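Numbering (the working numbering), first residue to last: 1 to 283. Using N, Cα and C, we set each Cβ at its ideal position, and we do this for glycine too. Computed from a predicted structure; not experimentally measured.
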């Protein structure tokens, strides 16, 4: 069985898919454009892996944030947080907006007569992988009968899930960003898969979060699960909603956790940039 469960938004178990056309087109069905995850060695080739099987987990693990855009359900599930929205107002979805504390993936905006009346920030986070999924993808294409080269098919390289760093990094980012939203009395929503939220709940202090979510809180966490369908595809379904505020996210991390994570991020960035050309040699 392939460890890649969905490719370019199509279930690999779903019948009657023209896989040659899918692979050539490289279109993400969720984002409505070409898959943005490309090979570093070949920028013209999109990887297209949306979800994978890993370890003993029976359901697929989402590894691409665009997978969370299915049916745009995540935006519908944030409508109740637009407390100033009124019937007749237009709804807009604006992507990649810079704010103090970082960039936010999406804003759900209520607009009346061309003027912004209310907004909710929406951040997407899926699991990062370690290693490479490429060999698994290539072996899958052979099974699906897609004409191509054998690039990577015989590789024994594998991949893992970067649970720890993914969870720590997103909590630190949320801690930075939520301060801006609280200052202007608006809401920020973190959208994750249920499996990642479960991990965060085990590794960090989450017992003080409101469950179910309280609409008055500034920070909301929406978790979704992958539900199998009769046609062998998967559907994104809301699993749970939690909420807190800046202080609550700080409690999740602990006073020293933020500095430790940021130090780890800096060190990883420096490590990746090391090369013979950066070596210091006294004149």
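Original post:
What three-state label does DSSP hand residue 24 in the structure shown?
Top reply: helix
**OP:** Write down the C-beta distance between residue 140 and residue 17 rounded to the nearest angstrom, noting that I regard them as a contact closer than 8 Å.
**Re:** So it is not a contact: roughly 12 Å between Cβ atoms.
Original post:
When DSSP labels each residue in this structure, what does residue 168 get in the three-state scheme?
Top reply: Of the three classes helix, strand and coil, the one that applies to residue 168 here is helix, per DSSP.
Original post:
Less than 8 Å separating the beta-carbons of residue 126 and residue 190?
Top reply: no
Original post:
Can you find at least 3 beta carbon pairs, one from the region 71 to 82 and one from the region 114 to 126, that sit closer than 8 Å?
Top reply: yes
Subject >> Local conformation of residue 260 per DSSP, three classes >> reply: For residue 260, the pLDDT reaches just 47, beneath the cut-off of 50, and the residue's location in the model is therefore unreliable, although a value from the coordinates is still provided. Here residue 260 sits in helix by DSSP.
Subject >> Buried versus exposed call for residue 274 [16 or more other C-beta atoms within 10 Å across all chains shown] >> reply: So residue 274 ends up on the exposed side.
**OP:** Would you mind working out which of 31, 277 and 8 sits nearest residue 22, comparing C-alpha positions?
**Re:** 8
Original post:
Within this structure, are the beta carbons of residue 41 and residue 4 separated by less than 8 Å?
Top reply: no
Original post:
Which first and last residues belong to the beta strand (DSSP E) in which residue 241 is found?
Top reply: 234 to 244
Original post:
Thinking C-beta only, is residue 171 closer than 8 Å to residue 208?
Top reply: no
**OP:** Go ahead and pull the three-state DSSP assignment for residue 176.
**Re:** Looking at residue 176 - three-state DSSP - the assignment turns out to be helix.
Subject >> Rounded C-alpha distance that separates residue 256 from residue 212 >> reply: Caution is warranted here: a pLDDT of 45 is assigned to residue 256, below 50, making its placement in the model unreliable, and the coordinate value is therefore given only provisionally. Straight-line Cα distance between these residues: approximately 28 Å.
**OP:** On the DSSP bridge assignment, give the partners of residue 208 in chain order.
**Re:** DSSP lists no partner for residue 208.
Original post:
Are residue 239 and residue 62 close, meaning C-beta to C-beta below 8 Å?
Top reply: no
**OP:** Could you tell me which uninterrupted beta strand (DSSP E) segments, each at least 3 residues in length, are contained entirely in the region 61 to 105, listed from first to last along the chain?
**Re:** The qualifying runs are 90 to 99.
Original post:
Bridge partners of residue 123, per DSSP?
Top reply: DSSP, once it has assigned bridges, lists 190 as partnering residue 123.
Original post:
Where do the N-terminal and C-terminal ends of the beta strand (DSSP E) with residue 43 fall, by residue?
Top reply: 42 to 46
Subject >> Nearest neighbour of residue 123, chosen from 34, 88, 155 and 75 [CA to CA] >> reply: 75
Subject >> Span of the beta strand (DSSP E) around residue 53 >> reply: Note, residue 53: premise wrong, no beta strand (DSSP E); not H, not E.
Subject >> Extent of the continuous beta strand (DSSP E) to which residue 129 belongs >> reply: 129 to 131
**OP:** Return no unless some Cβ of chain D is closer than 8 Å to the Cβ of residue 151.
**Re:** In the displayed structure, chain D is absent; only one protein chain is listed.
**OP:** Just grab the DSSP bridge partners of residue 108 for me.
**Re:** 93 and 120
Original post:
Does the beta-carbon of residue 201 have 16 or more other beta-carbons within 10 angstroms, so that it is buried, or is it exposed?
Top reply: buried
Subject >> Helix, strand or coil at residue 228 [DSSP, three-state] >> reply: Reduced to three states, the DSSP call for residue 228 is strand.
Subject >> In DSSP terms, what residue 49 is bridged to >> reply: 7
Original post:
Using the beta-carbon count (16 or more within 10 Å), is residue 248 buried or exposed?
Top reply: Residue 248 should be labelled buried.
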